[in-house]
Amino acid sequence: MSRKINLLELARAQVATFSGYSIGVRVADVCTFVILPLALGFAAWLFAPPVFNVAGLLTGASVFAGLLVALLVNVFNFSVKIRRDERIRPEERLARSVDELMANAAWTAISALTLVVVMASATAAQAPQSPIEQYWVGILVGLASYVMLNVLMVLSRIWTVHGDIKDLPPKR
Numbered sequence: 039m040s041r042k043i044n045l046l047e048l049a050r051a052q053v054a055t056f057s058g059y060s061i062g063v064r065v066a067d068v069c070t071f072v073i074l075p076l077a078l079g080f081a082a083w084l085f086a087p088p089v090f091n092v093a094g095l096l097t098g099a100s101v102f103a104g105l106l107v108a109l110l111v112n113v114f115n116f117s118v119k120i121r122r123d124e125r126i127r128p129e130e131r132l133a134r135s136v137d138e139l140m141a142n143a144a145w146t147a148i149s150a151l152t153l154v155v156v157m158a159s160a161t162a163a164q165a166p167q168s169p170i171e172q173y174w175v176g177i178l179v180g181l182a183s184y185v186m187l188n189v190l191m192v193l194s195r196i197w198t199v200h201g202d203i204k205d206l207p208p209k210r
């Protein structure tokens, strides 16, 4: 794979944001970010009503993914400001929180773009005037719930960083 699109380092950074917590927190994280989306996707595959208009959902998901990329750019700019501030050491909680926020925001944007591509594939595979296959519904629900859970994690990280910033001494 080209080094320009290698997401392995980003995946490692995303997984690293879950480390350093107690075993109970890690189990809760696995349940929230792995088991819950899989269970929701499986339930949708089995029980969801027929879905006829994925193209309409595709537009909204595309706009949402674009907004997440814009959020990522803002997080990047904030990260640059934090790294350049000589008063903030890299080992401090604020610097670590911003690094985790950057990894989570980037992963969420990639996840949302993946959702858009899968949604476009489901739309392309859909026969005219008929619903998409139920397995597509399960995949889309699982991916969409995963993206939303990641968005909630990013919002939580933003709130954590906000709390860390207010503890900084005032500028002179």
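For the sequence shown, counting from 1, position 164 maps to 202 in the working numbering; every step adds exactly one. Each residue gets a CB set at the ideal place from its N, CA and C atoms; glycine is no exception.
- Within 10 angstroms of the beta-carbon of N112 lie fewer than 16 other beta-carbons, which makes it exposed.
- Ranked by Cα distance from A54, the first of D137, T198, L109 is D137.
- Taken atom to atom, the span from the alpha-carbon of L46 to that of F71 is near 18 Å.
- S40 has its alpha-carbon roughly 31 Å from the corresponding atom of G176.
- Linking D205 to P166 through their CA atoms gives a straight-line distance of about 58 Å.
- Sequence-distant partners of P75 (beyond 5 residues in either direction) whose C-beta falls short of 6 Å from its own C-beta, in its chain, are G180, S183, Y184.
- Per DSSP, N115 is one residue of the alpha helix (DSSP H) stretching across 92-122.
- Exposed is the label assigned to R127, since fewer than 16 other Cβ atoms lie within 10 Å of its Cβ.
- When the beta-carbon positions are compared, T198 and L139 come within less than 9 Å of each other.
- The criterion of a C-beta distance shorter than 9 Å is satisfied by T161 and I170.
- Shown here for A81: not one same chain residue has a beta carbon closer than 7 Å to its own, the five before and five after excluded.
- Spanning the alpha carbons of I73 and P208 requires a straight line of approximately 43 Å.
- R134 is the residue among R134, G98, T152 whose C-alpha sits nearest the C-alpha of F56.
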